[in-house]
Amino acid sequence: MLQAGDKAPAFDLPTDTGRVSLASLKGKKIVLYFYPKDDTSGCTSEALQFSSEVEEFAKLGAVIVGVSKDSAASHAKFRLKHDLTVELAADTTGEIVETYGAWVEKSMYGRKYMGIDRSTFLIDADGVIREVWRKVKVPGHIKAVLTTARAMK
11 MLQAGDKAPA FDLPTDTGRV SLASLKGKKI VLYFYPKDDT SGCTSEALQF SSEVEEFAKL
71 GAVIVGVSKD SAASHAKFRL KHDLTVELAA DTTGEIVETY GAWVEKSMYG RKYMGIDRST
131 FLIDADGVIR EVWRKVKVPG HIKAVLTTAR AMK
């Protein structure tokens, strides 16, 4: 399980606007967040809240990248429908989701299944994970990430 102080695993994923990779973001802080599904209530709320703070994160030299197993085409529709300003990466194979430990067993109404754990990784400009949030509840989360990013050197 990845934790603060670990080197962030490399990623290179398609987006609805091109590609995004850890290497291409070297020198910037990265808010890498994993979410279950485009255009669902919690995921929409999270994406809208991160989008509303894009400029504040940019002032800190940080970029925001959301990752789900949805396709780049699904991300494009999601972005357009809600006027999102965060980068959305498509991990259709689930390889990066698994590498970051966000693919977990879940339970709903007594039924167990595998799914994405809503989680966020704050990565510094050198590619080191500085903070990890797992089992994220959306209310207040984005402000907590912003506060932690502001405190980073």
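So for the sequence shown, the working numbering puts the first residue at 11; every next one is plus one. All C-beta atoms, glycine included, are put in the ideal place defined by N, C-alpha and C.
- Of the candidates G125, L58, V77 and S55, the residue whose Cα lies closest to the Cα of D26 is V77.
- Per DSSP, K122 is one residue of the beta strand (DSSP E) stretching across R121 to I126.
- Here G37 is not near V138, since their CB atoms are 8 Å or more apart.
- DSSP lists no bridge partner for V146.
- Here L32 is buried. Its C-beta has 16 or more other C-beta atoms within 10 Å.
- Counting along the chain, the unbroken beta strand (DSSP E) around A72 starts and ends at A72 to S78.
- One Cα belongs to T158, the other to S62, and the distance between them is close to 17 Å.
- Sorting A82, K39 and Y43 by C-alpha distance to the C-alpha of A68 places K39 at the top.
- Annotated as distal: A72 and V96, with beta-carbon spacing of 8 Å or more.
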